[in-house]
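Engineer: Numbering (our numbering), first residue to last: 9 to 464.
We put the beta carbon where it would ideally sit given N, CA and C, even for glycine.
Here it is, the structure in full.
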Amino acid sequence: MNIIGSGGSPVTPDVWNEREMRDALARRDVSEIYRQLRRHGVSQRQIAATTGQSQSEVSEILKGRQVMAYDVLVRIADGLRIPRGYMGLAYDGATAIRVAQAANAPDAEEEESVKRRKFLSHAAAVTMGAAVFGAETSTWLPASAQTPAPARIGMTDVQQIHAATKALRDLDYRYGGGTCRDAVVAQLSWAQQLLESSATDPVRKQLFVALADMHSLAGWTSFDVGLLDPARGHFGKALEFAKQADDDGLVASVLYRMGRVYLHHEEPNEALKLFQLGQIAAQDSGSSLTVAVLCANEAWAYGMLNKPEQVQKMVGRTKDEFARARADEAPDWVRFFTENDLHGMIGSAHDALAVFEPRKHASIAVAETIKCNEAYGADMARTHVFGLSLQATNHIRAGDLQEGVKVGRRALEFGERVKSARVADRLKPLELEAGKHRMNSDVRDLFEAVRRFRRV
Numbered sequence: 009m010n011i012i013g014s015g016g017s018p019v020t021p022d023v024w025n026e027r028e029m030r031d032a033l034a035r036r037d038v039s040e041i042y043r044q045l046r047r048h049g050v051s052q053r054q055i056a057a058t059t060g061q062s063q064s065e066v067s068e069i070l071k072g073r074q075v076m077a078y079d080v081l082v083r084i085a086d087g088l089r090i091p092r093g094y095m096g097l098a099y100d101g102a103t104a105i106r107v108a109q110a111a112n113a114p115d116a117e118e119e120e121s122v123k124r125r126k127f128l129s130h131a132a133a134v135t136m137g138a139a140v141f142g143a144e145t146s147t148w149l150p151a152s153a154q155t156p157a158p159a160r161i162g163m164t165d166v167q168q169i170h171a172a173t174k175a176l177r178d179l180d181y182r183y184g185g186g187t188c189r190d191a192v193v194a195q196l197s198w199a200q201q202l203l204e205s206s207a208t209d210p211v212r213k214q215l216f217v218a219l220a221d222m223h224s225l226a227g228w229t230s231f232d233v234g235l236l237d238p239a240r241g242h243f244g245k246a247l248e249f250a251k252q253a254d255d256d257g258l259v260a261s262v263l264y265r266m267g268r269v270y271l272h273h274e275e276p277n278e279a280l281k282l283f284q285l286g287q288i289a290a291q292d293s294g295s296s297l298t299v300a301v302l303c304a305n306e307a308w309a310y311g312m313l314n315k316p317e318q319v320q321k322m323v324g325r326t327k328d329e330f331a332r333a334r335a336d337e338a339p340d341w342v343r344f345f346t347e348n349d350l351h352g353m354i355g356s357a358h359d360a361l362a363v364f365e366p367r368k369h370a371s372i373a374v375a376e377t378i379k380c381n382e383a384y385g386a387d388m389a390r391t392h393v394f395g396l397s398l399q400a401t402n403h404i405r406a407g408d409l410q411e412g413v414k415v416g417r418r419a420l421e422f423g424e425r426v427k428s429a430r431v432a433d434r435l436k437p438l439e440l441e442a443g444k445h446r447m448n449s450d451v452r453d454l455f456e457a458v459r460r461f462r463r464v
């Protein structure tokens, strides 16, 4: 059945957010994109009309011909009303406004490895004290546009930004980045206008802190909905503002979050570099809890690299720093890291090692994640889904199939309530492990349910 969308698109916008379609868009696999459109009832003639191609060209692409030319990809995206960011293409003017007035969009033709190196170089320069604030930026880093602003601001204006960030972050934790990202970038667009306002030095310093935190949230929610380039751009700006404010704890926070982006994309070496860089800032901040967070994430990265001795070393240090920490003296950004999260991170590190040695590490991962999953409430729904998925995966690895099915079903139930691209991604190991035991009817049913969830 044909689905006619708004604004000339042959489909409704939700089609672009389906799992298989998002994967094809991310790969710029135009053949698969067109095949998905055909399944939605869109004819070759409609595709040709909206993309400015001939029907014969569309037919050849459907048969497997690759589309490599950047201008053709842009024309296809614009004609079909595909958000350019979904294909890693530079933003048009309208979309740039939505991403916090980003005038310099990412160069989509640049290799991902090059972008990672540029970000690491930028992060190192900022963290180690180079004077980069306001300097010419790389192509991946968005710049603020000049917009009208109030003539003068005070501490109340800054506090309002902090309040908005906190409220939006609560939404992210509870329901996922998909529920609030647009609100975050819209709020950020307004907040950045205050840079043009007159203010005392103390107020301006706190404005830098507020903008750094909001850029960090914009980066995190962008990551949560699968937009890597905008996430990296926001994190880069967050680093600059945090450094300008001399807030080492916030610098560590941003580096931790960007490192988590790379962990999610299975780049543990790149993540480890950012965590180690963040460790420098964390130690300078004087917050033991901040140091504990960075150590815990280093342990996870070492687990993905199959380095059990390094994992044990970093887990030990995490526990030591956590024991010394006083949550009431810790920065706001790090207070989420409670004993629940300590167990969750240790479980994640052993989960990573269990990929290589399941008999040795799966049972440890289960024991640790049980401790954290029992305590999570509705305010941490997304994290709870991640924990349940990890627990179920390791039950199956350890041979406890029935418990794995039971916990896996809970993960799917809670996952339905969260708007986060990461939920489907984090369920992939459960799908893989369940797929090894399809002779068991209950496990087979779980496997099919997870696969359906991940493809929606």
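In chain order, which alpha helix (DSSP H) runs of at least 4 residues are fully inside the stretch 234–266?
Structural biologist: Along the stretch 234–266, the alpha helix (DSSP H) occurs as fully enclosed runs of 4 or more residues at 236–252, listed in sequence order.
Engineer: Tell me, which residues are paired with residue 197 by DSSP?
Structural biologist: Taking the sequence shown and counting its residues from 1, the one referred to as residue 197 is at position 189. Beta-bridge pairing links residue 197 to no other residue.
Engineer: Could you tell me which of 37, 261, 127 and 458 sits nearest to residue 292, measuring between CA atoms?
Structural biologist: Residue mapping note: residue 292 aligns to position 284 of the sequence shown, counting from 1. Closest by alpha carbon: 261.
Engineer: Nearest by alpha-carbon distance to residue 395: which of 337, 383 and 439 is it?
Structural biologist: Start at 1 with the first residue of the sequence shown, and residue 395 comes out as number 387. Selected option, being the one with the closest Cα: 383.
Engineer: In whole angstroms, what is the alpha-carbon distance linking residue 219 and residue 338?
Structural biologist: Residue mapping note: residue 219 aligns to position 211 of the sequence shown, counting from 1. Residue mapping note: residue 338 aligns to position 330 of the sequence shown, counting from 1. Computed Cα separation, rounded: 20 Å.
Engineer: Could you tell me which residues DSSP pairs with residue 160 in its beta bridges?
Structural biologist: The residue labelled residue 160 in the question sits at position 152 within the sequence shown. Residue 160 is bridged to 206.
Engineer: If you draw a straight line from the C-alpha of residue 90 to the C-alpha of residue 179, how long is it?
Structural biologist: Translated into the one-based positions of the sequence shown, residue 90 becomes position 82. Translated into the one-based positions of the sequence shown, residue 179 becomes position 171. Going from the Cα of residue 90 to the Cα of residue 179 covers about 26 Å.
Engineer: Which residue's Cα is closest to the Cα of residue 401: 389, 59, 390 and 414?
Structural biologist: Counting from 1 along the sequence shown, the entry for residue 401 is found at position 393. Among 389, 59, 390 and 414, the Cα nearest to that of residue 401 belongs to 414.
Engineer: Let me know the beta strand (DSSP E) ranges lying completely inside the stretch 372–437, each 3 residues or longer, listed in chain order.
Structural biologist: DSSP runs (the beta strand (DSSP E)) wholly in the stretch 372–437: none.
Engineer: For my contact list, residue 473 and residue 36 are in at a C-beta cut-off of 8 Å; report their separation, rounded to the angstrom.
Structural biologist: What is shown of the chain runs 9 to 464, which leaves residue 473 out entirely.
Engineer: Which of helix, strand or coil does DSSP assign to residue 26?
Structural biologist: Counting from 1 along the sequence shown, the entry for residue 26 is found at position 18. If DSSP states are grouped into helix, strand and coil, residue 26 belongs with coil.
Engineer: Within the continuous alpha helix (DSSP H) that includes residue 185, where are the two ends?
Structural biologist: Position 177 of the sequence shown, counted from the start, is the residue given in the question as residue 185. DSSP places residue 185 in no alpha helix (DSSP H); its state is neither H nor E.
Engineer: According to DSSP, is residue 447 part of a helix, a strand, or is it coil?
Structural biologist: Here residue 447 refers to the residue found at position 439 of the sequence shown. Of the three classes helix, strand and coil, the one that applies to residue 447 here is coil, per DSSP.
Engineer: Return helix, strand or coil for residue 101, following the three-state DSSP convention.
Structural biologist: Numbered from its first residue, the sequence shown carries residue 101 at position 93. Here residue 101 scores only 39 on pLDDT, less than 50, and its place in the model is too uncertain to base an answer on.
Engineer: CB-CB under 6 Å to residue 370, same chain, minus the five flanking residues each way: which ones, in chain order?
Structural biologist: The residue labelled residue 370 in the question sits at position 362 within the sequence shown. Once the five neighbours on either side are set aside, the close Cβ partners of residue 370 are 362, 402, 405 and 406.
Engineer: Just the Cα atoms here: how many angstroms apart are residue 214 and residue 441?
Structural biologist: In the sequence shown, residue 214 corresponds to position 206, counting from 1. In the sequence shown, residue 441 corresponds to position 433, counting from 1. Approximately 48 Å, taken between the alpha carbons.
Engineer: With residue 282 as the anchor, note down where its alpha helix (DSSP H) starts and where it stops.
Structural biologist: As a position in the sequence shown, residue 282 is number 274, starting the count at 1. Where residue 282 is concerned, the enclosing alpha helix (DSSP H) stretches over 276–293.
Engineer: Within 10 Å of its beta-carbon, does residue 208 have 16 or more other beta-carbons around it, so buried, or fewer, so exposed?
Structural biologist: Indexing the sequence shown from 1 puts residue 208 at position 200. Residue 208 comes out exposed.
Engineer: Got a sec? Which residues, its chain only, sit under 6 Å from residue 281 by beta carbon, not counting five neighbours each side?
Structural biologist: Reading the sequence shown from its first residue, position 273 is the one you call residue 281. Closer than 6 Å at Cβ, skipping near neighbours: 128.
Engineer: Quick one: Cα of residue 416 to Cα of residue 351, how far?
Structural biologist: What you label residue 416 is simply residue 408 of the sequence shown in a count that begins at 1. What you label residue 351 is simply residue 343 of the sequence shown in a count that begins at 1. Using only the alpha carbons, I get a separation of about 19 Å.
Engineer: Could you check the C-alpha separation between residue 124 and residue 448 for me, to the nearest Å?
Structural biologist: Position 116 of the sequence shown, counted from the start, is the residue given in the question as residue 124. Position 440 of the sequence shown, counted from the start, is the residue given in the question as residue 448. About 43 Å.
Engineer: Roughly how many whole angstroms lie between the Cα atoms of residue 380 and residue 424?
Structural biologist: Walking along the sequence shown from the start, residue 380 turns up at place 372. Walking along the sequence shown from the start, residue 424 turns up at place 416. Looking at the two C-alpha atoms, the distance is approximately 20 Å.
Engineer: At the level of alpha carbons, what is the spacing between residue 333 and residue 303?
Structural biologist: As a working note, residue 333 is residue 325 in the sequence shown. As a working note, residue 303 is residue 295 in the sequence shown. So the two alpha carbons sit approximately 13 Å from each other.
Engineer: Our contact map puts residue 233 next to residue 161 with C-beta atoms below 8 Å; I'd like the distance itself, whole angstroms only.
Structural biologist: Here residue 233 refers to the residue found at position 225 when the sequence shown is read from its first residue. Here residue 161 refers to the residue found at position 153 when the sequence shown is read from its first residue. Not really, about 31 Å apart at Cβ, beyond 8 Å.
Engineer: Is residue 19 helix, strand or coil when you go by DSSP?
Structural biologist: Taking the first residue of the sequence shown as 1, we reach residue 19 at position 11. In this structure, residue 19 counts as coil in the three-state DSSP scheme.
Engineer: To the nearest angstrom, how far is the alpha carbon of residue 86 from that of residue 19?
Structural biologist: Here residue 86 refers to the residue found at position 78 of the sequence shown. Here residue 19 refers to the residue found at position 11 of the sequence shown. Here the alpha carbons of residue 19 and residue 86 stand approximately 13 Å from one another.
Engineer: In chain order, what residues of the same chain lie with their CB nearer than 8 Å to the CB of residue 451, ignoring the 5 residues before and after it?
Structural biologist: Within the sequence shown, numbered from 1, the residue matching residue 451 stands at position 443. Excluding residues within five positions, the ones whose Cβ falls inside 8 Å are 404, 409, 412, 413, 442 and 445.
Engineer: Residue ranges of each alpha helix (DSSP H) run of no fewer than 4 residues wholly in the stretch 287–349, ordered along the chain?
Structural biologist: As far as the stretch 287–349 is concerned, its whole alpha helix (DSSP H) runs of at least 4 residues are 296–312 and 316–332.
Engineer: Report yes if the C-beta of residue 187 is less than 7 Å from at least one heavy atom of the ligand FAD; otherwise report no.
Structural biologist: For the ligand FAD, the structure offers nothing, since it holds no ligand at all.
Engineer: Please state the DSSP three-state secondary structure of residue 61.
Structural biologist: Locating residue 61 in the sequence shown gives position 53, counting from the first residue. In the structure shown, residue 61 sits in coil (DSSP, three-state: anything other than H, G, I, E or B).
Engineer: CA-CA distance, residue 313 and residue 32?
Structural biologist: By 1-based counting over the sequence shown, the position of residue 313 is 305. By 1-based counting over the sequence shown, the position of residue 32 is 24. Roughly 28 Å separates the two Cα atoms.
Engineer: Tell me the rounded alpha-carbon separation between residue 133 and residue 59.
Structural biologist: Taking the first residue of the sequence shown as 1, we reach residue 133 at position 125. Taking the first residue of the sequence shown as 1, we reach residue 59 at position 51. Cα to Cα, the separation comes out at about 43 Å.
Engineer: Within its chain, find whatever has a CB closer than 8 Å to the CB of residue 144; leave out the 5 residues flanking it on each side and keep chain order.
Structural biologist: Counting from one through the sequence shown, the residue named residue 144 turns up at place 136. Only weak support is given to the placement of residue 144: the predicted model assigns it a pLDDT of 48, under 50, and the question is left unresolved by the model.
Engineer: Can the beta-carbon of residue 295 be found closer than 8 Å to that of residue 257?
Structural biologist: Within the sequence shown, residue 295 is the residue found at index 287, counting from 1. Within the sequence shown, residue 257 is the residue found at index 249, counting from 1. Contact: yes.
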